[in-house]
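Q: Numbered per UniProt numbering, the sequence shown spans residues 1 to 251. Glycine included, each C-beta is placed from N, C-alpha and C at the ideal position.
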Amino acid sequence: MRRSSVRKDRKELGGKRALVVGGSGGIGRGVSLMLAEEGASLVVHGGHDEARLEETRALCARTAEEVDGFLCPFDQGDVFLKEVASRLPFDIVVWCAGPVEYVGLGEASLEVWERMARGNLVLPGAVVGMVAGLMAERGHGRIVLFGGPGSDALRGYTSIAPYAAAKAGLGVLAKSVAVAYGSSNVACNVICPGIVFTEYTSREERERWREVPEARIASAEEVVDLVRYLVKMPTPLVNGAVISADKGLRL
């Protein structure tokens, strides 16, 4: 992945280095563009689509101090962690990725459980453990993780139990960071979005949700604005929080 560096007028996040996991599309692309607009130097991760990653990198390069990127699926966990480690340190980490598989509890194989745990808890935990201590040494760090719909509380599910169980663990991870490193100006929080339309949302899915009277649909921009607040907090006032960002949706 080519690295771009352009001299910009110093902005609020100028001088900060940010990693966006799952940053090439969907909400993640919005987060990458926001951080670039705020002046951060970026490392953007993509899972499979090199063209999408390059497009996002090029868009971010218009405003970011520096943009780097790498492509790596989560089934190559060791490679992924080496890519992250080679780019340390970071001031900001936003984990937007989260693979989901729809399968009944009784039909979920060991492989499904392992995939859901790896992408939604194991690798986020490993990366947070890698960066949080370094952030504390530097006296500043902001980490934002994305939970699943409804994962702000313990609930039962008929078709996404492996995914939801892994996402629920992110709350423990965030609270652990707050306890261990909050006094060193490091904050870690979890956002649990509800229904958010992105370029990944099919027309059929959009139409189906619009027919549900209880559905309260958020824009990706609204979620990105919440991320903006959490990464720009001057002090770790909000720390270890699991934030419901679903407009009160309960289905």
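Taking the C-alpha atoms as reference points, what is the distance between glycine 133 and arginine 17?
A: Computed Cα separation, rounded: 15 Å.
Q: Which one of Tyr163, Ile143, Met233 has the shortest CA to CA distance from valine 190?
A: Of Tyr163, Ile143, Met233, the residue nearest in Cα terms is Ile143.
Q: Name the DSSP bridge partner or partners of aspartate 68?
A: DSSP, once it has assigned bridges, lists Val43 as partnering aspartate 68.
Q: Let me check understanding here. Comparing Cα to Cα, which of Pro149, Leu59, Cys72 lies closest to serine 244?
A: When only C-alpha atoms are compared, the closest one is Pro149.
Q: For the pair the region 221-233 and the region 21-40, tell me if three or more CB-CB distances fall below 8 Å.
A: Contact between the region 221-233 and the region 21-40 is present, because at least three Cβ pairs lie under 8 Å.
Q: Could you confirm whether any beta carbon from chain B is found closer than 8 Å to the beta carbon of alanine 36?
A: Among the chains of the structure shown, chain B does not appear; only one protein chain is present.
Q: Using only alpha-carbon positions, find the residue among Leu35, Leu110, Leu71, Leu19 that is nearest to arginine 87.
A: When each option's Cα is compared against that of arginine 87, the closest is Leu19.
Q: Look at the alpha carbon of serine 159 and the alpha carbon of glutamate 12, and state the distance between them as a whole number of angstroms.
A: Looking at the two C-alpha atoms, the distance is approximately 43 Å.
Q: I want to know whether the region 150-169 touches the region 226-236 - three or more CB-CB distances under 8 Å.
A: Short answer: they don't touch.
Q: How should glycine 25 be labelled, buried or exposed, when 16 other C-beta atoms within 10 angstroms of its C-beta is the threshold for buried?
A: Flag for glycine 25 reads buried.
Q: Under 8 Å, do valine 177 and valine 186 count as touching if we go by C-beta distance?
A: Yes, the pair counts as a contact, with Cβ atoms nearer than the cut-off.
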